[in-house]
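Asker: So the sequence shown is numbered by my numbering: it starts at 6 and just counts up by one. For glycine and all other residues, C-beta sits at the position ideal for the given N, C-alpha and C.
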Amino acid sequence: MHDLAIQNGRLIDPAQNLDAPRDVAFTDGQVVAVTKSNDTTQANEIIDAQDLLVVPGLIDLHVHVFDAVSHYGIPPDPTCLERGVTTAVDAGSAGAAVWPGFDKFIIEASETRLYAMLNISR
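Structure, rendered in structure tokens:
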């Protein structure tokens, strides 16, 4: 039995050239099966994705995640992960002088995979 199954969704996976109704099963946080919809996948938790898209993690190429330091900074995990964004690129919220703090308290502390365009001006 799987931990989680997303059933009846429209799976879009460009890497597999796939755009079709599919069920996706997960065990230990990993995709372990992709089957045609309406298969009877057994799982501890089932999400009905009828009329919804199921896609790989999205990438946001322009965010500002220096939360509580920058006036336009957002908290990365609740903002990104809840919207399907698993990878984000901070567009210069941190400069060279504060880079160690940004790296330690934002990048290393986040589940969201974060990259940064470093603002090197003073």
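Please go through the segment 21-70 and give each complete beta strand (DSSP E) segment of 3 or more residues, from N-terminal end onward.
Answerer: 23-32, 35-41, 48-53, 63-68
Asker: Would the segment 37-50 and the segment 7-24 be scored as touching if the rule is three or more Cβ pairs under 8 Å?
Answerer: yes
Asker: Nearest CA to the CA of H67: which residue from L119, D28, A30?
Answerer: Measuring from the Cα of H67, the nearest candidate turns out to be L119.
Asker: Whole angstroms is fine: what's the gap from P105's alpha carbon to A93's?
Answerer: A93 has its alpha-carbon roughly 19 Å from the corresponding atom of P105.
Asker: Around the C-beta of V60, are 16 or more other C-beta atoms found within 10 angstroms, so that it is buried, or is it exposed?
Answerer: exposed
Asker: Can you give the beta carbon distance from T38 to A30, rounded, assuming they're within the 8 Å contact cut?
Answerer: A small correction: the amino acid at residue 38 is Ala; Thr does not occupy that position in the sequence shown. With a Cβ gap of about 4 Å, A38 and A30 count as contacting.
Asker: Quick check on G138: does DSSP put it in helix, strand or coil?
Answerer: Summary: the structure shown does not reach residue 138, with the chain confined to residues 6 through 127, and so no result is reported for it.
Asker: Give the DSSP-derived three-state secondary structure of D18 in the structure shown.
Answerer: Here D18 sits in strand by DSSP.
Asker: Starting from P105, trace the alpha helix (DSSP H) in both directions and tell me its first and last residue.
Answerer: 104-107
Asker: S126: which of R88, V103, V90 sits nearest, CA to CA?
Answerer: Answer by Cα proximity: V103.
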